[in-house]
Amino acid sequence: MAVNAMLWIRGRRLLAWLWLFGDCWATISGVALIWAIIWALGIREQTVRIGGLALQVLGILTVFIGISKTKQLFGRPTFVATLRERVRLLRAYMTLGVQSGTITAGGIKLGGHARGYQRSTPSDGADTIQRLDSLERNIGYLNERIDGTLNELDEATRNITANLEHDRSTRMEVDAKIASRLENLGVGGLTLSGIGAIWLLVGTIMATIPAEITAALR
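Each residue of the sequence shown is one higher than the last, beginning at 377 in this note's numbering.
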């Protein structure tokens, strides 16, 4: 029982390791499928040439799909969407002509913040006690201004801290999205384009020298 379990675990690990070369197996499988059909129909110059043509078509389609996926990862429109948009623009140009337009620039708003301060000024004929009372009131006004300024500084500090935290979280999200796009780019569009390029190369060789390939295999 333990031996069977160990073999099962090793088999799963081997399959997981082989899955890492999925792009290679897909490339080999496409070529092997074409050659299996050629072998079943009989290895002749005509079948080799048709098989090469089929690989060329499959390669071009695969490259096309790979490029489309790559453009979608970066938010670019697909070939079909681009073609539709250009046809729509051509139809608009042919029916309505080119319309003139105006470019407007928005104004810049300048804002400010006004403050009002209190101040106690004794009269010209005030005695010492009145002047001391006025000085005490001015000191109280000054303390209120200092407290207000400190409160504004504390609020500005909290706002700056919150903005920095928001920018940091936003930057982390953007970095995660970029990493995900790069990973999808490696396993998606570029892989399909590479497989299609290899199929196109093999198909071109088969369609170019089918007589030599047929003679070598007989």
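Glycine included, each C-beta is placed from N, C-alpha and C at the ideal position.
Within the same chain, and ignoring the five residues on either side of T423 in sequence, the residues whose Cβ sits closer than 6 Å to its Cβ are I414 and L417. With a cut-off of 8 Å on Cβ pairs, the region 565–583 is in contact with the region 420–438, counting three or more such pairs.
A Cβ-Cβ separation of about 42 Å leaves P586 out of contact with E461 under the 8 Å criterion. In summary, G398 is exposed, with fewer than 16 beta-carbon neighbours lying within 10 Å of its beta-carbon over all protein chains present. Approximately 51 Å separates the beta-carbon atoms of M548 and G427; this is outside 8 Å, ruling out the contact. A direct Cα-Cα distance of roughly 50 Å separates L566 from E531. Between L429 and V407, the CB-CB gap reaches or exceeds 9 Å.
Taking C-alpha positions only, V463 is separated from W411 by approximately 41 Å. For the pair I419 and I404, the Cα-to-Cα distance works out to about 19 Å. Residue environment for I589: buried (at least 16 other C-beta atoms within 10 angstroms of its C-beta).
Looking only at T584, N539, R544 and G570, the smallest Cα-Cα distance to W401 is reached by G570. For R420, the secondary structure class from DSSP, reduced to helix, strand or coil, is coil.
Selection L568, L390 and R594 evaluated against T446 yields L568 as nearest (Cα-Cα). Assigned with DSSP and collapsed to three states, R594 falls in coil, not helix or strand. Taking the Cα positions, G579 is about 28 Å away from Q448.
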